[in-house]
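Asks:
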Amino acid sequence: MTDEELYCEQMRDLFLTDGWKHIVIELEEFIESASGINAVSTLEQLHFNKGAVSIAEGILRLPADIEMSELEEEEFVH
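Just so we're aligned, residue -1 is where the sequence shown starts under our numbering, counting upward by one.
1. Put residue 39 into one of helix, strand or coil per three-state DSSP.
2. Taking a contact to mean a Cβ-Cβ separation below 8 Å, would you say residue 25 touches residue 57 in this structure?
3. Could you tell me the distance, in whole angstroms, from the CA atom of residue 34 to the CA atom of residue 22?
4. Closest to residue 28 by CA distance: which of 10, 59, 51 is it?
5. Give me the residue from 69, 61, 70, 65 with the minimum Cα distance to residue 15.
What follows is the structure in C-alpha cells.
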C-alpha cells in the first residue's frame, strides 16, 4: 500500500466517525452565519469572512477530494 493509499484509507475512516459529522454541521453553520450580510461591519471583516468561509468549504470538500484522488490513482494504475 502506498503512502497516498494509506492516507486515503485513513481519511475515509475519519469521514465515517461521529466527530466528522459534528465538524460538518459546525462548518455548515459557520458558513451560513459568516456569509450573511449582517455578519459584516467593516471591509476587513468582509475579507476575513471570505477567507474563513473559503477554508471551511475546503474542509467540507475533503471527502470529494479524497474520492477524486482515489479515482485518479485507479486510472493511473490501470
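Glycine included, each C-beta is placed from N, C-alpha and C at the ideal position. If you're wondering where the values come from, they're calculated on a predicted model, not measured in any experiment.
Replies: On the basis of the supplied data:
1. One-based indexing of the sequence shown puts residue 39 at position 41. If DSSP states are grouped into helix, strand and coil, residue 39 belongs with coil.
2. In the sequence shown, the residue the question calls residue 25 occupies position 27. In the sequence shown, the residue the question calls residue 57 occupies position 59. In this structure, residue 25 places its C-beta atom within 8 Å of the C-beta atom of residue 57.
3. Residue mapping note: residue 34 aligns to position 36 of the sequence shown, counting from 1. Residue mapping note: residue 22 aligns to position 24 of the sequence shown, counting from 1. Inter-residue distance for residue 34 and residue 22 is about 19 Å (C-alpha atoms, whole angstroms).
4. Taking the first residue of the sequence shown as 1, we reach residue 28 at position 30. Looking at the Cα atoms, 51 is the closest of the given residues.
5. Taking the sequence shown and counting its residues from 1, one reaches residue 15 at position 17. With distances taken between Cα atoms, residue 15 lies closest to 61.
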